Amino acid sequence: MAFTRQTLRLREAALTVAMAVGVFLAVQAWQTRDASPHWQGPPTLAWVLPDGTQGRGTLQDLRAQLGIPPQVPIALHVWATWCSICRAQESTVTALGREHAVVTLATRSGDAQAVQRYLRERRLPWVALLDPDGAIAAAHGWRAVPVFGVLTADGALRHTTVGYTTGWGMRLRLWWARP
Numbered sequence: 001m002a003f004t005r006q007t008l009r010l011r012e013a014a015l016t017v018a019m020a021v022g023v024f025l026a027v028q029a030w031q032t033r034d035a036s037p038h039w040q041g042p043p044t045l046a047w048v049l050p051d052g053t054q055g056r057g058t059l060q061d062l063r064a065q066l067g068i069p070p071q072v073p074i075a076l077h078v079w080a081t082w083c084s085i086c087r088a089q090e091s092t093v094t095a096l097g098r099e100h101a102v103v104t105l106a107t108r109s110g111d112a113q114a115v116q117r118y119l120r121e122r123r124l125p126w127v128a129l130l131d132p133d134g135a136i137a138a139a140h141g142w143r144a145v146p147v148f149g150v151l152t153a154d155g156a157l158r159h160t161t162v163g164y165t166t167g168w169g170m171r172l173r174l175w176w177a178r179p
């Protein structure tokens with residue numbers, strides 16, 4: 001059977017896409033190889049709310065303060081002030097927060113005042129957990145930022161990715177994590 005040039009090009013394109021997806025999945029598997037499947041945060045967390053209010057408590061306390069029902073999955077976005085990829089993702093995370101429960105984790109980005117100043121300067125209406133020394137990120141095995149995952153009511157971390165995640169990718173992961 002003779003193949004036309006168009007058929008050969010289509011096969012070549014399909015093979016290229018398949019290889020790119022394979023490489024992407026392999027890199028994600030390598031980057032998340034030590035990632036914890038459960039929330040490993042300290043018993044007491046510190047946070048900054050979009051209005052500048054600072055708080056302390058458990059993750060359940062934060063859920064209650066934000067009015068997030070216990071069964072609703074939370075999108076978790078881990079970022080840093082010095083991360084250029086994180087800056088590129090800011091509008092996507094902000095848009096996601098208009099539709100879903102989103103909590104961010106500012107890792108290795110300074111104290112509450114520094115994070116609050118950054119959020120205000122960038123006009124980011126985010127709830128930010130504070131991880132000034134990177135201990136929370138390290139406890140989860142995250143060696144790079146940004147990280148995106150879904151935190152379920154039982155404390156499981158699902159569909160964790162490291163690196164840029166599209167808005168559609170974030171929404172799809174939240175959909176998969178629904179109870």
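Under the UniProt record's numbering, the first residue of the sequence shown carries the number 1, and numbering increases by one thereafter. The beta carbon of each residue, even a glycine, is placed where N, CA and C say it ideally should be. Nothing here was measured: the structure is a model prediction, and the numbers come from that model.
Integer-rounded CB distance, given that residue j should sit under 8 Å from residue i
i: residue 181; j: H159; result: Past the boundaries of the shown model lies residue 181; the chain is included only from 1 to 179, so the question cannot be answered.
i: L49; j: V127; result: 6 Å
i: A101; j: V72; result: 6 Å
i: G163; j: I85; result: 7 Å
Beta-carbon proximity check, residue i vs residue j, cutoff 8 Å
i: H140; j: Q60; result: no
i: D131; j: A106; result: yes
i: W47; j: L119; result: no
i: A156; j: P70; result: no
i: L45; j: L66; result: no
i: L151; j: I74; result: yes
i: E99; j: L124; result: no
Alpha carbon of residue i to alpha carbon of residue j, nearest angstrom
i: P42; j: A18; result: 41 Å
i: R143; j: L10; result: 38 Å
i: A135; j: G52; result: 23 Å
i: R108; j: A20; result: 32 Å
i: E12; j: A88; result: 32 Å
i: G97; j: A64; result: 17 Å
i: R122; j: A14; result: 40 Å
i: A138; j: A35; result: 9 Å
i: P179; j: Q6; result: 45 Å
i: A153; j: L8; result: 49 Å
i: D111; j: T16; result: 45 Å
i: T4; j: T161; result: 40 Å
i: T92; j: T165; result: 9 Å
Contact with chain C by residue i, beta-carbon distance below 8 Å
i: D133; result: Absent from the structure is chain C; it holds one protein chain and no more.
Any non-hydrogen atom of the ligand FMN closer than 7 Å to residue i Cβ
i: Q6; result: Inclusion of the ligand FMN in the displayed structure is not the case, the ligand content being empty and no account of it being possible.
Entirely within the UniProt domain "Redoxin" (74-164) and at least 3 residues each: give me those beta strand (DSSP E) ranges in chain order.
-> 74-79, 102-107, 128-131, 147-151 and 157-162
Should the region 136-148 be called in touch with the region 76-92, which here means at least 3 C-beta pairs below 8 Å?
-> yes
Cβ pair count under 8 Å reaching 3, the region 114-123 against the region 81-96 = yes
Segment contact, 8 Å Cβ cut-off, at least three pairs: the region 56-70 with the region 161-175 = no
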